[in-house]
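Enquirer: Let me give you the structure first, and then I'll get to my questions.
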Amino acid sequence: MDKNDLLPIGDLARRTGLAVSAIRFYEDKGLIAPYRTMGNQRRFLRSDIRRLSFILIAQKLGLGLAEIEAQLAALPQGRTPTLADWQKLSRSMRSQIDKKIALLSLTRRKLDECIGCGCLSLTRCQLYNRDDRAGTGGTGPRFVLD
Ligand code: FES
Numbered sequence: 516m517d518k519n520d521l522l523p524i525g526d527l528a529r530r531t532g533l534a535v536s537a538i539r540f541y542e543d544k545g546l547i548a549p550y551r552t553m554g555n556q557r558r559f560l561r562s563d564i565r566r567l568s569f570i571l572i573a574q575k576l577g578l579g580l581a582e583i584e585a586q587l588a589a590l591p592q593g594r595t596p597t598l599a600d601w602q603k604l605s606r607s608m609r610s611q612i613d614k615k616i617a618l619l620s621l622t623r624r625k626l627d628e629c630i631g632c633g634c635l636s637l638t639r640c641q642l643y644n645r646d647d648r649a650g651t652g653g654t655g656p657r658f659v660l661d
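In my numbering, the protein residues as written are 516 to 661.
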């Protein structure tokens, strides 16, 4: 292993924008695993920047820590994941991402229309949700979350 591939925690924090305490938290959770130098200092693989970046993206997508842990658990520890490793993770997340894209697209289309929530507060609710018939199908904004 080239020692240039090993970075101190400060470099990871600077590049990812994460606080050192947050990186230590993910280390404690086993999401990243540092090496120890002869002087017992932590050194991280440069490729851990991508793991931490994945965590940042997944959080923006609304994934919880348990889901993120499950996804990262598919990656090998102690070596730089290959493209094939990341492709495997990407495939396992695809349906989740597709669902989020579909919800975002539907929300963008529907937010200035009747969303079937039962409020009947828009003129077009009379057209699309007369007498709140959407409510017979369940709770919440049926035209977006159904
Ligand atoms: S927007 Fe609420 S029922 Fe139409």
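Cβ atoms here follow ideal geometry from the backbone N, Cα and C, with glycine treated the same way.
1) Using CA atoms only, rank isn't needed, just tell me which of Pro549, Asp563 and Cys634 is closest to Arg557.
2) Put Arg566 into one of helix, strand or coil per three-state DSSP.
3) Measuring only the C-alpha atoms, how far is Leu635 from Leu642?
4) Is DSSP giving Arg557 helix, strand or coil here?
5) By Cβ distance, which residues of its chain are closer than 6 Å to Arg539, with the 5 residues on each side in sequence left out?
6) So is Asn644 buried or exposed if we call it buried at 16+ other beta carbons inside 10 Å?
Expert: The structure says:
1) Pro549
2) helix
3) 10 Å
4) strand
5) none
6) buried
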